[in-house]
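In my numbering, the protein residues as written are 10 to 814. Worksheet: the structure to be examined is printed underneath.
Spelled out as structure tokens, the structure:
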């Protein structure tokens, strides 16, 4: 009975784990594939994307300019409706005495509510957003800003960071919170009347509702042909593509997405990991069923003698299997329900009851079929009295395949871990957990940066303070042509601009590969403010040019200093970094007075300030306080709570009109590489589960194997074999299996990893030690698993072994 109990427990654990992983995987994949399909017209809705947009030449953008989408309204008969969505950024919402930075705020027109099916719980869609200064807010936003749900008729006070007085919007409708399976989620929608949104210069996310009989390829060709004819000889022809609404979440990852999308690669990794676990458990169950049938064979023989038919015995076997499967499913269901309804990890399971029911039905059918396999053996069918001779040879191929699956999972886990580690190492900065980012700093607060910095540095808990044009990981916003050492400017060659504070390099522990990073005295905010106004081409502000010249005479003109990266050396066609030092660089920026000709003082290695999905670009770094809308603070990592209190206190002292918004650098990177972190976590969890199931299977298999070799071991010991020789003999068979499994697993894992790494511009090296380490881990786990049974058999009294029946 104890033997049976041991095998039954082992089988139940494997089935239970496989069941949980199956429910998780199918629910997650189903949820990801359901994005935006709740809209009744989703099959006819498309988003236009375009390249040659702004300064992002050669890169597709999700937004298109008014000049491109204006003809859509009257030139193309296949269009049934057009909706434009414009993000409203850098806003301050005033509610009583409180101020907020609202997120997910968009401007749109009344066509939004006709195209999309976001439910309204208070108010009406009819005539909604026909007028200016109307608003619709989500249920959660209403509770957040007003403390109650039904706030229709109330007003929102919203202003940009540059406005003195807020604009009043009347709340006309309350929306249900946007579904989690929507590719964008709004908290606040602001009206933008149709006539204004058609004509005003803006860049908008443009969605088309096409007629059902529209041929997409023909329409796309017609759209591109129209603009090909309208584009002048000296202009770059735009290239438009249409994205089906339901494809945006998984198949679009452009630089200006409304939100970070999912990834089809993540689902593929998730599915592969689940298949590994599922097959490992299935093989385990199959092996254990054969072992259990062998143990129960005498019982079935007696039943046969007493008149039981083959089908009577089959019913008993299947009944036992269903009982065991039921136990495993119940255990798995209890754990899933606990996670779904009693923990913060409820997001792991979408519609759990639905998928538990479907998965349970599949498991019952599958495992009932597996339990029936031993009965289909020809020997058993013809002669139930002949004992089945299932030695370990019966389990060689399934077990090798099982070990190969687990080994593949281990290898891929190590590779994903190394890639995530590479991502962290490539981005600048040591002790990233001690770096705090304050993004989207209001314009007035930028002017108070020096005071804020000075006040912070008086506290010992603050180690350094700097600033940047963009937060780490953001796409570089500005590029422009340049002239080097007075050579003519080539408009086809552009360099990216990144404004920083002079302490940027010190904060991120960046060292030069040539020259120096000491920028010395840089332009002050007052000078930069005058220089910005002097660049106002529309008003031809000669007055500010004169003021700038006078300021330079009175205060002395600073020497502009530039630092470049290695990619810029290639752009400049300079072979050695030292040769760039001292050269005169003039960025042909849209604000030429702000970035005058200056000297290259230093060269750094590639910065990797952007995400690493794309290659490093040529960058010139310059210190311009007025452009630094991101504040960066390095704190004592052991005093985080105290440091945050200091930062909030000093901010509120000088920026009373603005709330503070901050995040730690690792959190920022986690959001940026969310899909990759999820892949890493999933595959590591699946690997551990697969190894656990394999270990349980090998333990029970070794127990069965040593049981069958009890007499053989006893005879060998009587003939002089010691315990060490017996253990080696018993382990030799499993070691051979493991090496064969590794030979299968390594090339498969290598090819899989090569494919996965194609998503990154910078890839970890697939060194031999990765595969060697995986082999050692697999071998160690397997041998430790079977060693206990081997040791017990080797140390058993040979007299007892020879008595064994």
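Every residue gets a Cβ at the ideal spot worked out from N, C-alpha and C, and that includes glycine.
Residue i: first and last residue of the uninterrupted beta strand (DSSP E) it sits in
i           : result
residue 608 : 607 to 613
residue 215 : 212 to 219
residue 594 : 593 to 596
residue 131 : 129 to 131
residue 663 : Here residue 663 belongs to no beta strand (DSSP E); instead the alpha helix (DSSP H) covers 649 to 663.
residue 590 : No beta strand (DSSP E) holds residue 590; DSSP gives it neither H nor E.
residue 643 : 639 to 644
residue 444 : 444 to 447
Start-to-end residues for the alpha helix (DSSP H) that takes in residue i
i           : result
residue 407 : 405 to 435
residue 675 : 674 to 681
residue 235 : 225 to 239
residue 363 : 361 to 381
residue 297 : 273 to 304
residue 870 : Because the chain in this structure spans residues 10 to 814, residue 870 falls outside the shown range and cannot be described.
residue 455 : 452 to 456
Counterpart residues of residue i in DSSP-defined beta bridges
i           : result
residue 199 : 116, 144
residue 177 : 166
residue 253 : 55
residue 571 : 609
residue 248 : 60
residue 28  : DSSP lists no partner for residue 28.
residue 135 : Looking at the DSSP assignment, residue 135 forms no beta bridge with any residue, so it has no partner.
Spatial neighbours of residue i in its chain, beta-carbon cut-off 7 Å, leaving aside the 5 residues before and after
i           : result
residue 555 : none
residue 473 : 512, 515, 516, 643
residue 663 : 457, 460, 461
residue 111 : 100, 102, 196, 197
residue 439 : 518
residue 470 : 644, 645, 648, 651, 652, 655
residue 28  : 337, 338, 341, 368, 372
residue 687 : 275
residue 560 : 536, 539
Residue i, buried or exposed, once every other Cβ within 10 Å from all chains shown has been counted against 16
i           : result
residue 93  : buried
residue 241 : exposed
residue 643 : buried
residue 814 : Because the pLDDT of residue 814 is 48, which lies under 50, any placement of that residue in the model is unreliable, and the question is left without a value.
residue 185 : exposed
residue 118 : buried
residue 584 : exposed
residue 362 : exposed
residue 443 : buried
residue 378 : exposed
residue 551 : exposed
residue 21  : buried
residue 154 : buried
residue 661 : exposed
residue 82  : exposed
Sequence-distant residues of its chain with Cβ nearer than 6 Å to residue i (five each side left out)
i           : result
residue 126 : 48, 49
residue 268 : 193
residue 822 : Past the edges of the chain, shown from 10 to 814, lies residue 822, and the structure says nothing about it.
residue 604 : 596, 598
residue 829 : The structure shown does not extend to residue 829, since the chain is modelled only from 10 to 814, so the question has no answer here.
residue 248 : 60
residue 882 : What the structure shows of the chain is the stretch from 10 to 814, and residue 882 is not part of that stretch, so it cannot be assessed.
residue 63  : With a pLDDT of only 44 at residue 63, under the threshold of 50, the placement of this residue in the model should not be trusted, and no figure is reported.
residue 620 : 482, 681
residue 417 : 754, 757, 758
residue 387 : Note that residue 387 scores a pLDDT of 45, beneath 50, so its modelled location is shaky; the value from the coordinates is reported in the next line. Here the set comprises nothing.
Nonlocal neighbours in the same chain, by C-beta distance under 8 Å from residue i, ignoring five residues either side
i           : result
residue 607 : 568, 569, 570, 571, 593, 594, 595, 631
residue 213 : 72, 73, 75, 78, 93, 94, 95, 206
residue 496 : none
residue 312 : 321, 322, 325
residue 622 : 262, 768, 769, 770
Residue i beta carbon near the ligand GDP (any heavy atom closer than 6 Å)
i           : result
residue 144 : With respect to the ligand GDP, the structure shown offers nothing to examine, as it has no ligands at all.
(message) Quick check on the DSSP output: what are the complete beta strand (DSSP E) runs of length 3 or more inside the segment 59 to 115, in order along the chain?
(response) The segment 59 to 115 contains these whole beta strand (DSSP E) runs: 72 to 74, 88 to 96, 100 to 104, 107 to 109.
(request) Just list the alpha helix (DSSP H) runs in the segment 308 to 359, keeping only unbroken ones of 4 residues or longer that don't cross its boundaries, in chain order. (result) If we require 4 residues or more, the alpha helix (DSSP H) runs fully inside the segment 308 to 359 come out as 319 to 351.
(request) Starting from the N-terminal side, write out each stretch of the beta strand (DSSP E) that is 3 residues or longer and does not extend beyond the segment 466 to 550. (result) Within the segment 466 to 550, the complete beta strand (DSSP E) runs of at least 3 residues are 471 to 477, 487 to 489, 491 to 493, 504 to 509, 521 to 524.
(request) Only counting runs of 4 or more residues, tell me where the alpha helix (DSSP H) segments fall wholly within the segment 747 to 803, in order along the chain. (result) Fully contained in the segment 747 to 803 are the following alpha helix (DSSP H) runs of length 4 or more, in chain order: 777 to 803.
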